[in-house]
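A quick write-up on the structure given underneath.
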Amino acid sequence: MSVLHIAILSPFLFAIIVPYIYKRLRQIHTGWFVLLLPIILFIYFLQFLPQVKEGEGIVQSVSWIPSLNVDFTAKIDGLGLLFALLITGIGSLVVLYSIYYLSKDQEQLNAFYVYLLLFLGAMLGVVLSDNLIVLYTFWEFTSFSSFFLIGYWHHRERSRYGAQKSMLITVFGGLSLLGGIILLYIMTGTFSIQEMVANTSTIINHPLFLPAMIFILLGAFSKSAQFPFYIWLPDAMEAPTPVSAYLHSATMVKAGIYLVARMTPIFAYDANGYWVWLVGGVGIFTLFWGSFNAIKQTDLKGILAYSTVSQLGLIMSLLGVGAGAVHFGNDNQLFIVATIAAVFHLINHATFKGSLFMVAGIIDHETGTRDIRRLGGLMTIMPVSFTIAFIGTFSMAGIPPFNGFLSKEMFFTGMLRVVKMDIFRFDSIGFLFPVIAWIGSVFTFVYSMILLWKTFGGQVQREKLPKTPHEAPFGMLISPVILASLVVIFGFFPNILSDRIIAPAVETIMPMFAIDEIHISHWHGFQPELYMTIGVIIIGILLYLTLGKWTRIYQLFPNKLTLNQLYDVLLPSLETGSNMFIRTHMTGYIRTYLAYIFTFFIAILSFTMWSKHAFHFESTNLADIGLYEVLLFLAVIIGTVTILASKSRLTSIIALGAVGYAVSLFFVLFRAPDLALTQLVIETISVALFLLCFYFLPRNFHLEKTRFKLTNALISVGVGLVVTLIAISSYSTKLFPSISQYYVDHTYDPAGGENMVNVILVDFRGFDTLFEISVLAIAGLGVYGLIKLRLARRKEG
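As structure tokens, then:
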């Protein structure tokens, strides 16, 4: 196993020892030990920057399930390295922040850091796996670990609700993703992303192309909170703030973005433009819907949650529009700007949104509330937090000179160029993209101002605050200060990222093109993008100053018609319906369950035999039926009827044994003494056990009167008829040579045996026989223990 594989799996390994560290070193915050791992991993991944910049990918593989073409192939390229640095870099800052945010005396830190490390490892596995089955395994691990992180404060009902909601929606997307992966494998015969990219022409011309694409996008949209799956993200804000800052700004919600970026070389070539329309259209609508709903929120993390939905939609729309570049030959550079903007904004969003989440946690921690209706006037009381929030919100609003302004300008450029596309009907209705982008940006400006000035502006409302407000301790400010500093640095010096990180990532997303030198600057002249930004600021200020007059429009959207309400109604209905179904069919009686099993047995096997034209009867080579066979057949029939008609338990048991012994005699007649001996032993033990069980039944137990039931009779006759027909058809239909000759050829010399049946049982079916013996031994020990327990109780009585 390579160092790269160890790096991916190291968080899982470290998670094993965290509980021991927590137990042994309670006087030290567990976070200090955990902090070392993401820092080491961040430094480790930094060393790959020069190689990736030169276009040298790193691929290392370990065989996992070779029979199914599943290998743990780890690959570092521009896109994977970008996400690995975000995951470990932001992860280091989040762990540092959590050390001061979570009390070691009041929180179960061992559980928190175990969940956090599991999530860290799962995200690294997602972004660095080339094999889609391995990627999917880690993908579901992110849902699993985020469920525990969101529900960390499990004593709170809303935390449990948010965790369940995120799990149900993202696992649904995960199952859809698995369906898409399987369809891609059917089309290409491989799970390797590299090999799929090489077989793009095969995929886009295959009938399964569109279903595979839809399934893949369902997985991506649900994980990255795109419309209509976004409803889980606001409820996930019940998690501790370090979790929100990590999962919902830089990592988990970016997994869907990563998947779309990784799959773009496979699906973007479709001539019908399904990928461009779906990814771009869903993204741009999510941008608008998230920003529109963020304005009416009153909880700081609620505003940030909907703003995250909006920003994720922005990045998704850029990836969709950028994918249109594959259809434009020499003019493709006009549209690659959208992909460049997507990668750049991905980085910017992680910096400004991470710092804002941490500030929201600081405000909650130091004032006791996140409700903006109770906050205000904190500018002078918490000056450092205000400065961080000022930088973060202005960057999010797209105001110069911060990094958010640069990527927002590039976003406008990408949206404006959509109207130049003369494919997919973009030339006719494509104007909606820049219009919706501009409207969404106006709302983004408004909620950014609400977040900043409703919290830090105005007068302090001390009587409404549960705690006396004060600035956060130095340790809690380190991480958001670093992120806010990056916002400023990337704003003034954006090109420190362009060649080292952005260009390699864009080349991974668009490997079909040679990416020209990327140069990002603040001033591009008096272009439409500049006028759009000026319009956003002017209209945004006017809307913010007149909030009370126009926010009444939100009352036009009744809560009963929201997606959240649909979820709240649908989930209990499903639970109620499933409970009714279970209570109706799960009666507790074995005979009822057997009726279900045998009914489906009859239906499925009969349909299969009929559909495959398998009913066939061949009368040649049949042996003559002698007198002994007829007599034994009559004995079996008489014994079976006796079991059904008898009112005595003892008589029924003896008749059941007689049937078994008669079957044993059939084996004797057919010259199978080993089988006859086995059957005789089994029948003897079964009769003895039945007698023993009935002996220990309560004295007042009476055999209930047997009543004829037509349903049971039909099922019984049906099973017998189907099995008989299958037996006859299997004898009469020879689709391949019998295996019996194989045993004849290999029993006497290779296996060194003289009794074929014994050799089959001991050598060819050795493990099967061993497990059967083990099961019988365990069952015998259980029966013996029950009998001893019963006898001991009788003696005590």
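Counting the sequence shown from 1 gives a position; our numbering is that position plus 70. Glycine included, each C-beta is placed from N, C-alpha and C at the ideal position.
Let me know if His-619 comes out buried or exposed under the rule of 16 or more other beta-carbons within 10 Å of its beta-carbon.
Looking at the sequence shown, residue 619 is not His but Lys. Exposed: under 16 other Cβ atoms inside 10 Å.
Relative to the alpha-carbon of Gln-529, which residue among Glu-210, Leu-761, Arg-444, Lys-717 has its alpha-carbon at the smallest distance?
Arg-444
Based on the DSSP secondary-structure assignment, which residues constitute the bridge partners of Ile-49?
Absent from the structure is residue 49, since the part of the chain shown begins at 71 and ends at 867.
Hey, could you find the ends of the beta strand (DSSP E) Ala-192 is sitting in?
It is not in any beta strand (DSSP E) - Ala-192 instead sits in the alpha helix (DSSP H) that spans 179-198.
Spatially closest choice to Asp-638 from Tyr-114, Phe-291, Asp-200, Ile-239, by CA coordinates
Ile-239
Whole angstroms is fine: what's the gap from Phe-771's alpha carbon to Glu-688's?
Because Phe-771 sits at a pLDDT of 49, beneath the cut-off of 50, its placement in the model cannot be relied upon, and the following sentence gives the value as read from the coordinates. If you take the alpha carbons of Phe-771 and Glu-688, they lie about 50 Å apart.
Enclosing alpha helix (DSSP H) for Asp-638 [first to last residue]
633-655
Where DSSP assigns a beta bridge to Ala-144, which residues make up the other side?
Gln-130, Ser-199
Contacts around Ile-336, its chain only, beta-carbon distance under 7 Å, and the 5 residues preceding and following it disregarded
Met-266, Val-267, Thr-270, Ile-273
Along the chain, where does the alpha helix (DSSP H) that runs through Val-693 open and close?
Residue identity check: residue 693 is Ala in the sequence provided, not Val. Note, Ala-693: premise wrong, no alpha helix (DSSP H); not H, not E.
Proximity to Trp-523 [Cα-Cα], best of Tyr-659, Ala-705, Leu-617, Thr-212:
The option with the nearest alpha carbon to Trp-523 is Leu-617.
Tell me which same chain residues have a C-beta within less than 7 Å of the C-beta of Ala-85, skipping the five on either side of it?
Val-184, Leu-187, Leu-188
Note down, in chain order, each residue of its chain lying with its Cβ closer than 8 Å to the Cβ of Ile-785, except the 5 sequence neighbours on either side.
Ala-665, Phe-668, Thr-669, Ile-672
Could you tell me if Arg-440 is buried or exposed, where buried requires 16 or more neighbouring beta carbons within 10 angstroms of its beta carbon?
buried
Proximal residues to Asn-828 (C-beta, below 8 Å), its chain only, five neighbours per side dropped
Asp-744
Any contact of the region 372-382 with the region 510-520, i.e. 3+ C-beta pairs under 8 Å?
yes
Starting from the C-beta of Thr-321, find all residues in its chain whose C-beta is less than 6 Å away, skip the five residues before and the five after it, and write them out in chain order.
Ile-157, Met-193
Can you give me the C-alpha to C-alpha distance between Phe-208 and Gly-195, rounded to a whole angstrom?
6 Å
Which of helix, strand or coil does DSSP assign to Tyr-262?
Note that residue 262 corresponds to Ser in the displayed sequence, not to Tyr. Looking at Ser-262 - three-state DSSP - the assignment turns out to be strand.
What does DSSP give as the partner residue(s) for Asp-441 in the beta ladder?
Asp-369
Whole-angstrom distance between Tyr-92 and Phe-115, CA atom to CA atom:
28 Å
Along the alpha helix (DSSP H) that carries Phe-736, what are the first and last residues, could you check?
Residues 719-739.
Can you give me the C-alpha to C-alpha distance between Leu-856 and His-318, rounded to a whole angstrom?
55 Å
Burial state of Tyr-171, where buried means 16 or more other Cβ atoms lie within 10 Å:
buried
What are the uninterrupted segments assigned as beta strand (DSSP E) that are 3 or more residues long and contained completely in the region 546-574, given in chain order?
none
How many Å lie between Leu-726 and Asp-200 at the Cα?
60 Å
Tell me, please, whether the region 235-255 touches the region 299-310 by the rule of three or more beta-carbon pairs shorter than 8 Å.
yes
Could you tell me the distance, in whole angstroms, from the CA atom of Leu-750 to the CA atom of Tyr-818?
Here the C-alpha atom of Leu-750 lies approximately 27 Å from the C-alpha atom of Tyr-818.
According to the Cβ coordinates, are Met-428 and Thr-311 closer than 8 Å?
Contact flag set, yes.
Alpha carbons only, please: which of Gly-392, Gly-424, Ile-713, Val-700 is nearest the one belonging to Ala-585?
A small correction: the amino acid at residue 585 is Ile; Ala does not occupy that position in the sequence shown. That would be Gly-392, whose Cα lies nearest to the Cα of Ile-585.
For Pro-279, tell me which candidate among Gly-243, Ile-354, Tyr-344, Ser-229 has the shortest Cα-Cα distance.
In the sequence as displayed, the identity of residue 279 is Phe instead of Pro. Checked all of Gly-243, Ile-354, Tyr-344, Ser-229; the closest Cα to Phe-279 is Tyr-344.
Identity of the residues DSSP links to Ile-135 by a beta bridge
Beta-bridge annotation (DSSP): Ile-135 is paired with Val-140.
Cβ neighbours of Ile-609 in the same chain (closer than 6 Å, five flanking residues each side left out)
So the qualifying residues of the chain are Val-512.
Distance between Leu-846 and Val-789 (C-alpha atoms, nearest Å)
27 Å
To the nearest angstrom, how far is it from the Cα of Ser-361 to the Cα of Val-73?
43 Å
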